[in-house]
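Visitor: Numbers given in the working numbering equal positions in the sequence shown, counted from 1, plus 239. Note that the Cβ used here is the ideal one computed from N, Cα and C, for glycine as well.
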Amino acid sequence: MRIRDAVEADLPAIVAIYNSIIPGRMVTADLVPVTVASRVPWLQAHDPVRRPIWVAEDAAGIAAWLSFDTFYPRAAYDGTAMIAIYVAESRRRTGLGQLLLDRAVAEAPRLGLHTLLGYIFAHNDPSLRFFAKNGFTRWAHLPRVALLDGVERDLVILGRRLGE
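(1) Residue 305 and residue 320 - do their beta-carbons sit closer together than 8 Å?
(2) Check this for me: beta carbons of residue 302 and residue 326, under 8 Å apart or not?
(3) Less than 8 Å between the CB atoms is what I'm expecting for residue 375 and residue 402, so what's the real figure, rounded?
(4) Could you please give the first and the last residue of the uninterrupted beta strand (DSSP E) stretch that includes residue 383?
(5) Nearest-angstrom Cα distance between residue 350 and residue 288?
(6) Run through the DSSP bridge pairs and tell me what residue 395 is partnered with.
(7) Looking at the structure shown, is residue 300 part of a helix, part of a strand, or coil, going by DSSP?
Here you go:
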């Protein structure tokens, strides 16, 4: 498995993985599929030096991706980033999420980061357990901030300080 910076040609695979999780209403607040065209500015806004998007690929193609997203656009928060990990359904529970998270934690200082955050719906037990087993703790609970098909959902923010 190779992890590398995403390029525009990767967007169809990135979007396909992302769109596959929307119907489950457990991972993202998007309610309808996104388009490749709509993700071009998103990709271009990610600086590979400070806020990369990585893809994990093998001979079969892109199987997972991770993005580092700005937590809050003020200079004092530059050392904090939200991370998001998405794995193709056929490749879940194969260690790809762990591989990407381990790389993110290892590379974060080089990216100027000291804190990583995960924004996870409170009903997404698999992701909450995954991040918890990797040293992330609950830093915030935002009750009923999302509405998914008429159901109010809570958002949990998990955080991890690096090097501690």
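Guide: Straight from the coordinates:
(1) When the beta-carbon positions are compared, residue 320 and residue 305 stay at least 8 Å from each other.
(2) Yes; because the gap between Cβ atoms is below 8 Å, this pair is in contact.
(3) With 8 Å as the limit, residue 375 and residue 402 do not qualify as a contact, their Cβ atoms being about 15 Å apart.
(4) Start and end: 376 to 387.
(5) Rounded to the nearest whole angstrom, the CA to CA distance from residue 350 to residue 288 is 6 Å.
(6) In DSSP, residue 395 forms a bridge with 359, 380.
(7) Look at residue 300 here: in three-state DSSP terms it is strand.
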